[in-house]
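K.L.:
Residue 195 in my numbering is what sits at position 195 of the sequence shown, and the numbering runs on without skipping anything.
Glycine included, every Cβ here is placed at the ideal spot set by N, Cα and C.
One structure is given below, represented as structure tokens, and several questions about it will come after.
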Amino acid sequence: MRLSVIGCGYLGAVHAACMAELGHDVVGIDVDPTKVAALNLAQPTLYEPGLVEILQRNLTNGRLRFTTDFAAAADAQVHFLGVGTPQKRGEQAADLSYVYAAVDSLAPYVAPGALIAGKSTVPVGTAASVEARLKQVQPEAMLAWNPEFLREGVAVSDTISPDRIVYGLPAGPDGEKARALLDQVYSQALSAGTPLVATDFATAELVKVAANAFLATKISFINAMSEVAAATGADVTKLADAIGYDERIGRKFLNAGAGFGGGCLPKDIRAFRARAEELGLGDTLTFLKEVESINLRQRVRISELVVEALDGHLMGHRVAVLGLAFKPESDDVRDSPALDVAVRLHGLGADVVCADPKAIANAAALHPQLSYTEEVTDAIDGAEVLVLLTEWKQYRELDPALAATKVRGRIVIDGRNVLDPEAWRRAGWRYYGVGRN
Ligand code: UGA
Numbered sequence: 001m002r003l004s005v006i007g008c009g010y011l012g013a014v015h016a017a018c019m020a021e022l023g024h025d026v027v028g029i030d031v032d033p034t035k036v037a038a039l040n041l042a043q044p045t046l047y048e049p050g051l052v053e054i055l056q057r058n059l060t061n062g063r064l065r066f067t068t069d070f071a072a073a074a075d076a077q078v079h080f081l082g083v084g085t086p087q088k089r090g091e092q093a094a095d096l097s098y099v100y101a102a103v104d105s106l107a108p109y110v111a112p113g114a115l116i117a118g119k120s121t122v123p124v125g126t127a128a129s130v131e132a133r134l135k136q137v138q139p140e141a142m143l144a145w146n147p148e149f150l151r152e153g154v155a156v157s158d159t160i161s162p163d164r165i166v167y168g169l170p171a172g173p174d175g176e177k178a179r180a181l182l183d184q185v186y187s188q189a190l191s192a193g194t195p196l197v198a199t200d201f202a203t204a205e206l207v208k209v210a211a212n213a214f215l216a217t218k219i220s221f222i223n224a225m226s227e228v229a230a231a232t233g234a235d236v237t238k239l240a241d242a243i244g245y246d247e248r249i250g251r252k253f254l255n256a257g258a259g260f261g262g263g264c265l266p267k268d269i270r271a272f273r274a275r276a277e278e279l280g281l282g283d284t285l286t287f288l289k290e291v292e293s294i295n296l297r298q299r300v301r302i303s304e305l306v307v308e309a310l311d312g313h314l315m316g317h318r319v320a321v322l323g324l325a326f327k328p329e330s331d332d333v334r335d336s337p338a339l340d341v342a343v344r345l346h347g348l349g350a351d352v353v354c355a356d357p358k359a360i361a362n363a364a365a366l367h368p369q370l371s372y373t374e375e376v377t378d379a380i381d382g383a384e385v386l387v388l389l390t391e392w393k394q395y396r397e398l399d400p401a402l403a404a405t406k407v408r409g410r411i412v413i414d415g416r417n418v419l420d421p422e423a424w425r426r427a428g429w430r431y432y433g434v435g436r437n
């Protein structure tokens, strides 16, 4: 099919490349000429495993190109909207200005019978107003909402083989036409048996924010348990294993530690609460406020563990922070718990050296006051405490005996509960986990 993808950030760039990989003819459109030029050279400004390879392949075979010119979308049958919906400055609500700007720029080029499929995460009710806006310019065009569930770090496989597909379809005969177009786009995944939920706009919009709110709640639940475990001498990791065997609960997303961050979960639960307030349902989602408080408290708790381990004084002490990205296999530091803890420790007077294999440039742009190194050995050299905050493989697999020969103090704070406490203790370390006995 001929597709356009509007907005070539995380979601849009990956979606455009993956749609081309599936055999479609795709033009990606973004207002930022630097981003467009980089993507046309298969040099995306973000790190995502596998993305460069599929960009290279599909730019070369001619199925994919990027431009700033909206007119290039004119012959597309389906236009995907993948622009950002960041948090509004000084407010909890989502900023929809990029969504409306994209629709306004695109609408004059949408052919009669063509479909705009919104992928951005939006407050419930947005699709209805986007549809009205589109119809004013092109009454024969259609809108659907088709939320995206990809995870950073595995975004390529999540897009090519999603675990479910959701269509929010327009009412009336357009619903069937829109569905037929989307079925063609996703024919490979659908014929492989991927579950499809076809519904109305509001449900599709809510599915996305409900999923992220649930995941955030699950993480904060186990982090709350980690506080109780810490106070009682219990082990939250064993607790998570034991409750996770119950299929109704499940072990995934029950890892206690520094908490959730990134460009999605934190801002999505805030925007969801803001939307609920507008709907007169503020009380209904009050629990999400608690979810966020627990999440932010984890960062304070980990900083306090470092202070405690150094007998109350950080001033002048050398601390190695391992990890800056909000999760492994990403260079994204938006709302990153790891970076936040590093900044706190620096603020308390510690001499902080941060290591991360991918996220240093992004972190340094925000916090030039910290010291950075890509090499874990440079970070731990002479350190008095190691603080693991992003569970990159190379940090999980650090050899405690070898690390012991490099440091000045054998104290390790495992902010993601991924190290083997016994192995570290055997190598002479004082090990602190999060709610881990
Ligand atoms: C999240 C959702 O998982 C995706 O389904 C969704 O499409 C995406 O947001 C989005 O809205 O676009 P992502 O932001 O890539 O994806 O990150 P997650 O894998 O959900 O992790 C979020 C945070 O939770 C990370 O900081 C991670 O370290 C933390 N986490 C995760 C925990 O602290 N404990 C866990 O057990 C799991």
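(1) Could you tell me whether any non-hydrogen atom of the ligand NAD is closer than 7 Å to the CB of Leu215?
(2) Going by beta-carbon coordinates alone, are Val319 and Glu384 separated by less than 8 Å?
(3) Give the DSSP-derived three-state secondary structure of Ala171 in the structure shown.
(4) Tell me whether Phe149, by its Cβ, gets closer than 7 Å to a heavy atom of the ligand UGA.
(5) To the nearest angstrom, how far is it from the Cα of Gln188 to the Cα of Arg65?
(6) Counting only the same chain and skipping the five closest in sequence on each side, list residues whose C-beta sits under 7 Å from that of Pro400.
(7) Is Cys8 close to the ligand UGA? I mean its beta-carbon at under 7 Å from any heavy atom of the ligand.
(8) Since Val166 and Pro147 should fall inside the 8 Å C-beta cutoff, what is the C-beta to C-beta distance between them, to a whole number of angstroms?
(9) Take His317 as the anchor and find which of Glu53, Val387, Leu134 has the nearest alpha-carbon.
(10) Could you check whether the segment 145–161 touches the segment 44–53, counting it as contact only if at least three pairs of C-beta atoms, one from each stretch, sit closer than 8 Å?
(11) Quick check: what's the CA-CA separation for Arg273 versus Arg408?
(12) Using C-beta distances below 6 Å, list every residue in its chain close to Pro112, excluding the 5 sequence neighbours before and after it, in chain order.
(13) Comparing the CB of Cys18 with every heavy atom of the ligand UGA, is any distance shorter than 7 Å?
(14) The alpha helix (DSSP H) with Ala256 in it runs from where to where?
(15) Taking 7 Å as the line, does the beta carbon of Leu254 fall inside it for any heavy atom of the ligand UGA?
(16) Rounded to whole angstroms, what's the CA-CA distance from Asp235 to Ala229? Just pull it up for me.
(17) May I have the straight-line CA-CA distance separating Ile411 from Leu196, to the nearest angstrom?
(18) Looking only at its own chain, which residues have a Cβ that is under 6 Å from the Cβ of Leu348, when we skip the five neighbours before and after it?
(19) Strictly by DSSP, which residues pair up with Gln298?
(20) With H, G and I counted as helix, E and B as strand and the rest as coil, what does DSSP make of Ser191?
(21) Using the Cα positions of Leu41 and Val307, report the straight-line distance between them to the nearest angstrom.
(22) Report buried or exposed for Asp30, applying the criterion of at least 16 other Cβ atoms within 10 angstroms of its Cβ.
(23) Relative to the ligand UGA, is the shortest distance from any of its heavy atoms to the C-beta of Asn146 smaller than 7 Å?
(24) In terms of DSSP beta bridges, what is Ile116 paired with?
(25) Is the beta carbon of Asp414 within less than 7 Å of some heavy atom of the ligand UGA?
(26) Expressed to the nearest angstrom, what Euclidean distance is found between the alpha-carbon atoms of Phe221 and Val291?
(27) Just tell me which of Gly84, Arg133, Gly82, Pro86 has its CA closest to the CA of Ala107.
(28) What does DSSP give as the partner residues of Ser4 in its beta bridges?
P.N.:
Here's the rundown:
(1) Among the ligands present in this structure, namely the ligand UGA, the ligand NAD is not found.
(2) yes
(3) coil
(4) yes
(5) 22 Å
(6) Ala423, Trp424, Ala427, Trp429
(7) no
(8) 5 Å
(9) Val387
(10) yes
(11) 46 Å
(12) Glu140
(13) no
(14) Taken as a continuous stretch (DSSP letters only), Ala256 belongs to no alpha helix (DSSP H), as it is neither H nor E.
(15) It does: the Cβ of Leu254 is within 7 Å (strictly closer) of some heavy atom of the ligand UGA.
(16) 6 Å
(17) 50 Å
(18) Leu314
(19) Paired residue(s): none; Gln298 is not in a bridge.
(20) helix
(21) 47 Å
(22) buried
(23) no
(24) His79, Leu143
(25) no
(26) 8 Å
(27) Arg133
(28) Val27, His79
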